[in-house]
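Heads up, the thing below is written out as structure tokens.
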Amino acid sequence: MMILSGDPPKSRVLTLVLIVIILALAATPFLFPGAKALNVAAKICVFAALVASYDLLLGYTGSVSFAHTMFYGIGSYAIAIALYGMGPNWAAIATGIVAGLPLAALLALAIGLFSLRVAAIFFAMITLAVASAFQVLASQLSWLTGGEDGRSFQLPELLRPGTILISKSLFGFEVNGRILTYYLVFATSAVMILALLRVVNSPFGRVLQAIRENRFRAEALGFRTVFHLTYANCLAALVAAGAGILNALWLRYAGPDTSLSFSIMLDILLMVVIGGMGTIYGAIIGAAIFILAQNYLQSLMGVASKAASEAGLPLLPGLLHPDRWLLWLGLLFIASVYFFPTGVVGRLRNAGAKKAGGVSH
Amino acid sequence: MTDLLKLSGVHTHIGRYHILQGIDLSVAQGQTTMLLGRNGAGKTTTLRTIMGLWQASRGEISLAGERIESRTTPDIARLGVGYVPESMAVFSDLTVKENLVLAARDGPLDDSQLEWIFGFFPALRRFWLSRAGSLSGGQKQMLSIARAIIEPRKLLLIDEPTKGLAPAIVVALIECLKEIKRKGATILLVEQNFFAARELGDNVLVMDNGTIVHRGDMAALASDVPLQERLLGLSLETHQ
Numbered sequence: 178m179m180i181l182s183g184d185p186p187k188s189r190v191l192t193l194v195l196i197v198i199i200l201a202l203a204a205t206p207f208l209f210p211g212a213k214a215l216n217v218a219a220k221i222c223v224f225a226a227l228v229a230s231y232d233l234l235l236g237y238t239g240s241v242s243f244a245h246t247m248f249y250g251i252g253s254y255a256i257a258i259a260l261y262g263m264g265p266n267w268a269a270i271a272t273g274i275v276a277g278l279p280l281a282a283l284l285a286l287a288i289g290l291f292s293l294r295v296a297a298i299f300f301a302m303i304t305l306a307v308a309s310a311f312q313v314l315a316s317q318l319s320w321l322t323g324g325e326d327g328r329s330f331q332l333p334e335l336l337r338p339g340t341i342l343i344s345k346s347l348f349g350f351e352v353n354g355r356i357l358t359y360y361l362v363f364a365t366s367a368v369m370i371l372a373l374l375r376v377v378n379s380p381f382g383r384v385l386q387a388i389r390e391n392r393f394r395a396e397a398l399g400f401r402t403v404f405h406l407t408y409a410n411c412l413a414a415l416v417a418a419g420a421g422i423l424n425a426l427w428l429r430y431a432g433p434d435t436s437l438s439f440s441i442m443l444d445i446l447l448m449v450v451i452g453g454m455g456t457i458y459g460a461i462i463g464a465a466i467f468i469l470a471q472n473y474l475q476s477l478m479g480v481a482s483k484a485a486s487e488a489g490l491p492l493l494p495g496l497l498h499p500d501r502w503l504l505w506l507g508l509l510f511i512a513s514v515y516f517f518p519t520g521v522v523g524r525l526r527n528a529g530a531k532k533a534g535g536v537s538h
Numbered sequence: 582m583t584d585l586l587k588l589s590g591v592h593t594h595i596g597r598y599h600i601l602q603g604i605d606l607s608v609a610q611g612q613t614t615m616l617l618g619r620n621g622a623g624k625t626t627t628l629r630t631i632m633g634l635w636q637a638s639r640g641e642i643s644l645a646g647e648r649i650e651s652r653t654t655p656d657i658a659r660l661g662v663g664y665v666p667e668s669m670a671v672f673s674d675l676t677v678k679e680n681l682v683l684a685a686r687d688g689p690l691d692d693s694q695l696e697w698i699f700g701f702f703p704a705l706r707r708f709w710l711s712r713a714g715s716l717s718g719g720q721k722q723m724l725s726i727a728r729a730i731i732e733p734r735k736l737l738l739i740d741e742p743t744k745g746l747a748p749a750i751v752v753a754l755i756e757c758l759k760e761i762k763r764k765g766a767t768i769l770l771v772e773q774n775f776f777a778a779r780e781l782g783d784n785v786l787v788m789d790n791g792t793i794v795h796r797g798d799m800a801a802l803a804s805d806v807p808l809q810e811r812l813l814g815l816s817l818e819t820h821q
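As you go down the protein sequences, you meet chains A and B in turn. To get the working numbering, take the position in the first sequence, counting from 1, and add 177. To get the working numbering, take the position in the second sequence, counting from 1, and add 581.
Spelled out as structure tokens, the structure:
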């Protein structure tokens, strides 16, 4: 319970789902061999942390920010530029971390102090403007960032796929540098999510929730809300930059499409909504559902379409044609928002509370 | 009797509306001052202006001799002003405990103060770990007041605490406010319920159109029906 900061999932089904996801992620290199499965699992880990950090903003303070991918991009580019410039060594990774995290925090501080005093819509607009400017800047500074092509780089020897850490003859499976990198991503994401869980369950987290409900009321109790919101913005930016670092390390690449694009921002928003806002656990569920659907829905539809065609069913083979996967993905999200307005976690927790007679009177 | 709170020539504009039009009032230390008036007279705006939630466009507001009109709301709260807004202002997603811990701000809850509050509002002990949003209207109002008194405050600004509550709850609330008063609190209380106003008020201020039109003893106003009808448009007896 300590590790969860006294905030358990509060639903048996939710606990079970979370355990299954975490165990599956932990065992992916051995349960699901192959590059695709490992890539999907790593992306789920990175996005779970990224979405959790966005949930700290949207779910716990009610602030809508469009600059989250910018912080994610800062982390990615910091590590990429350092490893590209200094060569594949640990000092370069340390330099990327030391440069990227404070830069993200300082930028979040500046944005927060300038825009969190005013109405929420201005904060959203300012973050949108800053993020757009940063995207253009990253594209224009091609001598540093590689422009539209981005930066590819090599990792230190220990993290390379060619480095065999445990040979197959020893335990029946091989552990190489790629798997070590995966576990680095997995463990760091887990630590960041647990840290966020600690933050939202601290007295500071309660103040954030009070601000979300009614900012003036919180001020009337003596809380300097701008300070609290700015601090939350900085924490969220730090974790987003951390997720960006992990993403770059995993891909061995940082570019506009993988770390700064607005489509990533939309994905984050969808994952928060699907998982459930203001829950942190929702980030894990949202990221898992979204990324699994993004990667496997097309092939699943191919199988379903073929089966329908073989069974001689009319219309269905065409409707389920793999080329229509984006349409079905969209419908799936509309349905999930319609049927789970409080997200999967909210729905499961409410069901759990009702079952336990959780409403106090 | 020294004045704890003093407003001199305070004007407040909300958008293009000129709501407070030169308020002069004082609240004596250790006394309960009732702020009465018709709907729209500017009572709530007065409390919100004192609290800094609306910025005074002109005039001076001083608390214990210190000017506060240009201070921010959190600063004013930290000077020892507790504010109980109307409409049962609790944080619905937080538990009763978390609402009170928030109000205690920088330190742990004072057990003896908590026991004292539970003495008046036993429901708060019963629903200690329940979400404030699941409480009844009366219980929310109790929590709202408990939040303002969980720590010693120099001044309490309370806006219509009995509004919309069942008579039995109103009686419990009045007893609680009386006890707070006996402990030496200074209160500026907006109230429409005559029974509550008569029971609690030492002094009275009557507002109309953003100005103070009458100041005096609550007991004197309570016994002067023609004055009540002139100031408030109806007698307080019919207004409860």
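Just so you know, even glycine gets a beta-carbon here, dropped at the ideal spot from N, CA and C.
In the structure shown, what three-state DSSP assignment does residue i receive?
i	result
M442/A	helix
E810/B	helix
L746/B	coil
T676/B	strand
Q821/B	Residue confidence is low: Q821/B scores 49 on pLDDT, short of 50, so the model does not pin down where it sits. Its coordinate-derived value is still stated next. Correct three-state label for Q821/B: coil.
A431/A	strand
G479/A	helix
K587/B	strand
T340/A	coil
D692/B	helix
S643/B	strand
R189/A	helix
S182/A	coil
L769/B	strand
Does residue i get closer than 9 Å to chain A when you measure Cβ to Cβ?
i	result
L683/B	yes
P655/B	yes
A679/B	For the record, residue 679/B in the displayed sequence is Glu; it is not Ala. At least one chain A Cβ lies under 9 Å of E679/B.
S673/B	yes
P703/B	no
L634/B	yes
A670/B	yes
R597/B	no
I need the straight-line Cα distance from residue i to residue j, nearest angstrom please.
i	j	result
T435/A	G688/B	45 Å
A493/A	Y430/A	Here residue 493/A is Leu; the residue named in the question, Ala, does not match the sequence. So the two alpha carbons sit approximately 40 Å from each other.
L412/A	I657/B	28 Å
A201/A	A530/A	27 Å
H538/A	L710/B	With a pLDDT of only 35 at H538/A, under the threshold of 50, the placement of this residue in the model should not be trusted; the figure read from the coordinates follows. Roughly 12 Å separates the two Cα atoms.
M179/A	A609/B	50 Å
V307/A	G262/A	26 Å
G640/B	T593/B	9 Å
V295/A	R389/A	14 Å
L193/A	L208/A	19 Å
A684/B	P185/A	25 Å
L314/A	L437/A	11 Å
F708/B	L781/B	28 Å
L423/A	I595/B	50 Å
With C-beta atoms as the reference, is residue i less than 9 Å away from residue j?
i	j	result
T630/B	I642/B	yes
L737/B	L769/B	yes
A747/B	A778/B	no
G432/A	E325/A	yes
L293/A	F248/A	no
L191/A	L447/A	no
V677/B	A713/B	yes
Does the beta carbon of residue i sit closer than 9 Å to a beta carbon anywhere in chain B?
i	result
P380/A	yes
L398/A	yes
E390/A	yes
A528/A	no
R394/A	yes
T519/A	no
R524/A	no
T456/A	no
V384/A	yes
A244/A	no
A387/A	yes
T402/A	yes
Since residue i contacts residue j with CB under 8 Å, what's their CB separation in whole angstroms?
i	j	result
F363/A	A203/A	7 Å
S253/A	G421/A	4 Å
I274/A	I461/A	Actually they are not in contact, since the Cβ atoms of I274/A and I461/A sit about 24 Å apart, beyond 8 Å.
A727/B	L754/B	Their Cβ separation, rounded to whole angstroms, is 11 Å, which puts A727/B and L754/B out of contact at 8 Å.
With a threshold of 8 Å (Cβ to nearest heavy atom), would residue i be considered close to the ligand NAD?
i	result
D605/B	Although the ligand NAD was asked about, the structure shown includes no ligands whatsoever.
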